[in-house]
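Just below is one structure, and these are the notes that go with it.
Numbering (the numbering used here), first residue to last: 1 to 496.
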């Protein structure tokens, strides 16, 4: 039996169970119908007109303020269109039974229209400053009172609606007592039937939902084997379609990674040429540059360095997507690693007046077998670059290494602006950026850092609150596993 057939059978049985008490209920619907028509025909129409009136008044306020500030003709047309729309909605309110309230608002609209014409005259005569003063001192008070008028009308609509609803409640209460007994029996039987239908349909749907969530949230592009591919109903069709989708997504993901890799590689040559010639020009090979030319050349070099860094990140990310995380595992001195970080960022810390410290706690392992270059530059270096970017002058940044179980934990903390709690779960996703960081990069640094850490068999986590700084913790085993590191495909960084 198809899922559609099961649902139709359940629906038919439930309808029959509820038909008897429903017949009695129909006899009491006559009185409620009149109230419903009133609510739908007048109150509902009045509420819609009131909402549109509020929108029109808000548009008028925005257009008028902008017109006074910019004097653009389009905004002037927008003011009159908003006034016309507001008048139309007042007509709807009047026809719905709220004529007195509509008349009071219409009088204020007349005042606003006269004021608008006065502002237009001042602006057309070149008296922009006088128009602005007139708007602030004369028009804005009237506008604020007009914007508050819909609240009064809404209260009147509520009072009339409440009276109608009270009458409807009285009628429905009487009918409810009679229907209660019959409905209770019908509900019990319908519930039993519904539970049977749920048991027959939701089991495979739960498994299918979990598989879809794995694709959506974790990038897992392999369809599970336990889905109901063999069912001949709609659920089986859905499962087979999902499997086909997952296969096509996997192929598209592969093609995307290949394209990014090729494009990133091809961009390197022109960037190197631009950077090289700009450096030669700055060094005076083609003649001593002027001060303005030197500043332009420095800007070109700065931007080419930024683009080169982004291209390298894209290329590195595409390599990792392909499972080619080529780690160069070697003995690394832990204190030497932190000293190198201290030297690399001391100048930046001094220029930004930030207190930057590194420390190895007692009990930490003296040496590690990891890819020292990647851990220093692409993991800790990325974390420190972000810390310096978002820590204001006078703040502090510190790196602490401590021993944990069978490895080491690096703690990178700062006193910067922090990360909003809503963004924390996604900061390691590829291309995801937080706040102003959207203007400062491609959103690949943390994704690459996580890939490299996990390639070592480690973990990276973040804690933060807005305005209270951020703390990143990187845990690495004392000895990374090269075979695992170089062959794994890292879906958890948002790559697959």
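In this text, a Cβ means the ideal position worked out from N, Cα and C, and glycines have one as well.
None of the values given here were measured: they were computed from a predicted structure.
Short of 6 Å in beta carbon distance, which residues of its chain neighbour residue i, apart from the five on each side in sequence? Order them along the chain.
i, result
"residue 420", "466"
"residue 52", "89"
"residue 359", "400"
"residue 122", "130 and 131"
"residue 363", "403"
"residue 418", "464, 465, 466, 467, 468, 469 and 470"
"residue 328", "371"
"residue 190", "14 and 17"
Alpha carbon to alpha carbon, how far is residue j from residue i? Give it in angstroms, no decimals.
i, j, result
"residue 98", "residue 108", "16 Å"
"residue 344", "residue 273", "27 Å"
"residue 5", "residue 18", "20 Å"
"residue 478", "residue 233", "53 Å"
"residue 200", "residue 206", "12 Å"
"residue 225", "residue 212", "13 Å"
"residue 92", "residue 105", "13 Å"
"residue 497", "residue 79", "This structure cannot speak to residue 497, because the chain is shown only from 1 to 496."
"residue 445", "residue 378", "7 Å"
"residue 50", "residue 118", "28 Å"
"residue 347", "residue 457", "33 Å"
"residue 175", "residue 163", "19 Å"
"residue 238", "residue 195", "22 Å"
"residue 434", "residue 302", "23 Å"
"residue 61", "residue 248", "51 Å"
"residue 438", "residue 188", "Residue confidence is low: residue 438 scores 46 on pLDDT, short of 50, so the model does not pin down where it sits. Its coordinate-derived value is still stated next. About 56 Å."
"residue 357", "residue 397", "7 Å"
"residue 42", "residue 155", "15 Å"
"residue 297", "residue 126", "44 Å"
"residue 26", "residue 44", "24 Å"
"residue 288", "residue 342", "36 Å"
"residue 376", "residue 337", "7 Å"
"residue 412", "residue 474", "8 Å"
"residue 462", "residue 371", "22 Å"
"residue 286", "residue 277", "10 Å"
"residue 146", "residue 58", "10 Å"
"residue 47", "residue 173", "27 Å"
"residue 86", "residue 165", "29 Å"
"residue 283", "residue 290", "12 Å"
"residue 395", "residue 414", "8 Å"
"residue 10", "residue 228", "22 Å"
"residue 96", "residue 116", "29 Å"
"residue 256", "residue 311", "15 Å"
"residue 353", "residue 416", "13 Å"
"residue 514", "residue 124", "Shown here, the chain extends from 1 to 496; a query on residue 514 therefore has no answer."
Leaving out five residues on either side along the sequence, give the residues of the same chain with a beta carbon under 8 Å from the beta carbon of residue i.
i, result
"residue 331", "367, 368 and 369"
"residue 21", "179, 182, 183 and 186"
"residue 8", "none"
"residue 385", "445"
"residue 82", "56, 57, 59, 60 and 63"
Closest to residue i by CA distance: which of the options is it?
i, options, result
"residue 192", "96, 464, 231 and 14", "14"
"residue 209", "196, 223 and 199", "223"
"residue 453", "349, 240, 394 and 408", "408"
"residue 304", "270, 329, 373 and 242", "270"
"residue 214", "196, 238, 242 and 203", "242"
"residue 374", "300, 480, 16 and 49", "480"
"residue 120", "415, 48, 66 and 94", "66"
"residue 472", "433, 432, 424 and 434", "424"
"residue 101", "70, 2, 385 and 148", "148"
"residue 558", "54, 68, 283 and 245", "The structure shown has nothing for residue 558, since the chain only spans 1 to 496."
"residue 390", "406, 349, 411 and 333", "349"
"residue 334", "150, 94, 422 and 476", "476"
"residue 216", "190, 204, 202 and 245", "245"
"residue 361", "393, 280, 410 and 355", "410"
"residue 295", "254, 2 and 281", "281"
"residue 392", "150, 355 and 12", "355"
"residue 448", "326, 340, 70 and 240", "326"
"residue 12", "197, 70, 137 and 103", "197"
Based on the DSSP secondary-structure assignment, which residues constitute the bridge partners of residue i?
i, result
"residue 459", "475"
"residue 500", "Since the first residue shown for the chain is 1 and the last is 496, residue 500 is missing from the structure and cannot be characterised."
"residue 401", "360 and 410"
"residue 369", "331 and 479"
"residue 304", "Per DSSP, none; premise fails for residue 304."
"residue 396", "355"
Quick one: what's got a C-beta closer than 7 Å to residue i's C-beta in the same chain, skipping five residues either side?
i, result
"residue 24", "178 and 179"
"residue 68", "119, 131, 132 and 135"
"residue 230", "236"
"residue 365", "334, 403, 408 and 478"
message: Contact between the segment 144-161 and the segment 63-79 is defined here as three or more beta-carbon pairs at a separation below 8 Å; is this criterion met?
response: Counting Cβ pairs under 8 Å, fewer than three are found: no touch.
- prompt: Does the count of Cβ pairs from the segment 109-124 and the segment 138-151 closer than 8 Å reach three?
  reply: Taking a contact to require three or more Cβ pairs closer than 8 Å, the segment 109-124 and the segment 138-151 qualify as touching.
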